[in-house]
Each structure stands twice: as C-alpha cells, then as structure tokens.
Amino acid sequence: MDTLSYKTISGNKATANKQWVLVDAESQSLGRLASKVAKLLRGKHKPNFTPHADCGDNVIVINAEKINLTGNKWNDKTYIRHTGYPGGQRSLSAKEMFGKDPARLVEKSVKGMLPKNKLGADLFRNLNVVVGAAHTHEAQKPKAINLNEFN
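Sequential numbering of the sequence shown, starting at 5, is according to this note's numbering.
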C-alpha cells in the first residue's frame with residue numbers, strides 16, 4: 005500500500021500545460037464553432053481538466069469574416085445591449101453586427117459559452133479573433149486544429 009497513491013491531483017495554473025491553437029473559421033457554423041472553441045479555452049479536452057482553474061489553451065480564430073449562419077439568423081438574430089440611461093435599450097441584427105466587426109460576432113458567441121464569473125473573464129482573455137488569415141502570434145508557433153475532427 006505504500007507504493008500506490010490514491011490521492012486525486014487537482015490541476016492549477018502552474019501545472020497546466022497551455023498551448024497555442026489555431027482555428028480556421030472558414031465555412032464553419034457560428035454556434036458549433038463557438039462551442040468547440042469554448043471547450044478548448046476551458047480545457048475540457050485535456051485529461052487534467054479542473055473546473056475551477058484556467059488549464060485551457062490559448063486560441064487564435066482566423067477568417068472570422070467567413071463564418072456561416074443557417075436559416076434566417078442573419079436577419080432574425082438580435083444582439084441587445086443597454087446604454088444605462090432610461091429607454092436606452094439598443095439592438096443590432098447579426099447582419100448589422102457582422103458589417104461593423106465580424107470578429108465581434110464570434111467573440112460574443114464564445115463569451116456566452118464561458119462561465120459567468122472571474123474565471124470566465126480570465127478564459128476570455130485567452131481568445132484572439134482575427135479578420136483574415138494573418139495574425140500577430142506567429143512567434144508562439146500555434147498548432148492548427150481541424151474542428152471537424154475535434155469533438
């Protein structure tokens with residue numbers, strides 16, 4: 005009994021082996037892409053996943069302008085915000101938000117799938133969404149992942 009250890013090892017930020025991952029959003033459905041990216045950010049694909057710690061990867065999403073939305077979601081899906089003043093509720097359709105900044109559409113959908121606490125805010129900082137194929141993180145040597153093979 006001395007040689008075996010039955011203690012559960014809980015991962016933390018120091019023991020997490022974070023990697024840089026490159027995801028291509030071209031011809032991907034927005035919701036499916038966002039759920040897989042949220043899983044990568046959270047670290048749920050790793051054997052040392054710990055719910056209360058940031059043990060996920062840093063994710064770079066390229067080609068955000070080539071995302072797909074099915075059905076009439078371009079016109080029917082609305083994003084609501086409030087200015088803070090009385091009567092200050094504003095809304096944008098998915099098409100209007102995409103016209104302003106396609107990266108914000110991906111960021112907003114991924115952020116909605118992360119925890120709503122300090123951990124979720126920390127995990128969201130590990131996400132970089134880029135319009136186009138060029139990104140500024142070549143020095144980190146990100147590993148490209150095909151999301152169609154990732155579950």
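We put the CB at the ideal spot given by N, CA and C, even for glycine.
1) Would you identify the three-state DSSP class for Leu-26, choosing helix, strand or coil?
2) Should Arg-46 go down as buried or exposed, given a rule of 16 or more other Cβ atoms within 10 Å for buried?
3) From this set, Gly-124, Phe-154, Asn-132 and Leu-34, which residue's C-alpha is nearest Lys-70's C-alpha?
4) Could you please give the first and the last residue of the uninterrupted beta strand (DSSP E) stretch that includes Asn-52?
5) With DSSP collapsed to three states, give me the class of Ser-33.
6) According to the neighbour-count rule (16 or more other Cβ atoms, all chains shown, within 10 Å of its Cβ), is Pro-146 buried or exposed?
7) Just mark Gly-116 as buried or exposed, buried being the case when its beta carbon has 16 or more other beta carbons within 10 Å.
8) Going by other Cβ atoms of all chains shown within 10 Å of its Cβ, with 16 needed for buried, is Pro-106 buried or exposed?
9) Using the three-state DSSP reduction, which class does Arg-94 fall into: helix, strand or coil?
10) Below 8 Å, can you find three or more Cβ-Cβ pairs linking the segment 50 to 70 to the segment 9 to 24?
11) Looking only at C-alpha atoms, which of Ala-29, Ala-143, Ser-97 and Asn-62 sits nearest to Gly-136?
Result, derived from the coordinates:
1) Mapped onto the sequence shown, residue 26 falls at position 22. Leu-26 falls in the strand class under three-state DSSP.
2) Taking the first residue of the sequence shown as 1, we reach residue 46 at position 42. Counting the other CB atoms within 10 Å of its CB gives Arg-46 a total of 16 or more, which places it among the buried residues.
3) Residue 70 sits at position 66 when you count from the first residue of the sequence shown. Checking every option, the nearest Cα to that of Lys-70 belongs to Leu-34.
4) Here residue 52 refers to the residue found at position 48 of the sequence shown. First-last for Asn-52: undefined, no H or E at that position.
5) Position 29 of the sequence shown holds residue 33. Strand, per DSSP.
6) Residue 146 sits at position 142 when you count from the first residue of the sequence shown. Classification of Pro-146: buried, given that the 10 Å Cβ count is 16 or more.
7) In the sequence shown, counting from the first residue as 1, residue 116 sits at position 112. Gly-116 is exposed by the Cβ-count criterion.
8) Position 102 of the sequence shown, counted from the first residue, corresponds to residue 106. With 16 or more other Cβ atoms within 10 Å, it is buried.
9) Within the sequence shown, residue 94 is the residue found at index 90, counting from 1. Assigned with DSSP and collapsed to three states, Arg-94 falls in strand.
10) Short answer: they touch.
11) Taking the first residue of the sequence shown as 1, we reach residue 136 at position 132. The alpha carbon of Gly-136 has as its nearest neighbour, out of Ala-29, Ala-143, Ser-97 and Asn-62, the alpha carbon of Ala-29.
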